[in-house]
Amino acid sequence: MRRTKTLEIWVGLFVAMGFAALLMLAMRVSNITSYIDNEGYEISAAFENIGGLTVRAPVRVAGVRIGRVSDIRFDEDTFQAIVTMHIEAQYDRLPLDTSASILTDGLLGENYVGLEPGGEEEYLKDGDRIEITQSALVLEKLIGQFLFSRSQGSDK
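Going letter by letter, the sequence shown gives residues 1026 to 1181 in the numbering used here.
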C-alpha cells in the first residue's frame, strides 16, 4: 500500500511539471511574456498603408528583434495609420533620423516594422515620432499595375 502511494505522488509531481512546462511553452509561443517586460520606451510612426501589420508584430533593426508593435490606430485628420512600437530598454541609441518601413518576412510571411538607423547624434526617446516612413508593398496593387501597364503596351 505504501509503495502505491509513493508511486501516485511521483506520477502527480510528473504531471504537474508537465502542465507547468506546457504553460511556459504556450506563453513563449504567444509572446505574452513580452507584455510582462515593461522596461523600454515607446515610439510611433505614421504610414499610408500598413498592409497586414498586426499588434505584437516584431520591430527589427538589421534583422534583430528589438521590440514589438504595441498599438495601431487610425488618424482621422491625416488619414494615416499610426503605429506605436515598444522598444526594449537596451536599444536606447536609435538616432533621431531613423526611418521605418513595413516589410514582409519572405514572400508570404508575417509583416514587421524594419528600422533603419540614420546618422543623427541625438537619440529617440519615449514618445518620439519617426518622420521618415515607407508603407507596406501590397502585392495585389503591384500585380494590378503590372497587368495595366502590359495592357497599355499591347494597345499600341
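For glycine and all other residues, C-beta sits at the position ideal for the given N, C-alpha and C.
- Residue environment analysis places R1027 among the exposed positions, since fewer than 16 neighbouring C-beta atoms fall within 10 angstroms of its C-beta.
- The beta carbon of P1120 is closer than 8 Å to those of P1142, G1143, G1144, E1145, E1146, E1147, Y1148 and L1149 in its chain, skipping five residues each way along the sequence.
- Separation of V1138 and I1107 (C-alpha to C-alpha, rounded to the nearest whole angstrom) is 12 Å.
- Of the residues assessed, T1029 falls on the exposed side of the cut-off, its CB having fewer than 16 other CB atoms within 10 angstroms.
- Counting the other Cβ atoms within 10 Å of the Cβ of V1084 gives 16 or more, which makes it buried.
- The three-state secondary structure of V1036, taken from DSSP, is helix.
- Judged by their CB atoms, G1065 and I1112 are nearer to each other than the 7 Å cut-off.
- For R1085, the uninterrupted beta strand (DSSP E) run begins and ends at P1083 to V1086, by DSSP.
- Spatial neighbours of D1130 in its own chain (CB-CB distance under 7 Å, excluding positions within 5 residues in sequence) are listed in chain order as Y1137.
- DSSP lists T1129 as the bridge partner or partners of N1136.
- Under the three-state reduction of DSSP, T1031 is assigned to helix.
- Short of 7 Å from the beta carbon of F1099, and not among the five residues preceding or following it, lie these beta carbons of its own chain, in chain order: A1106.
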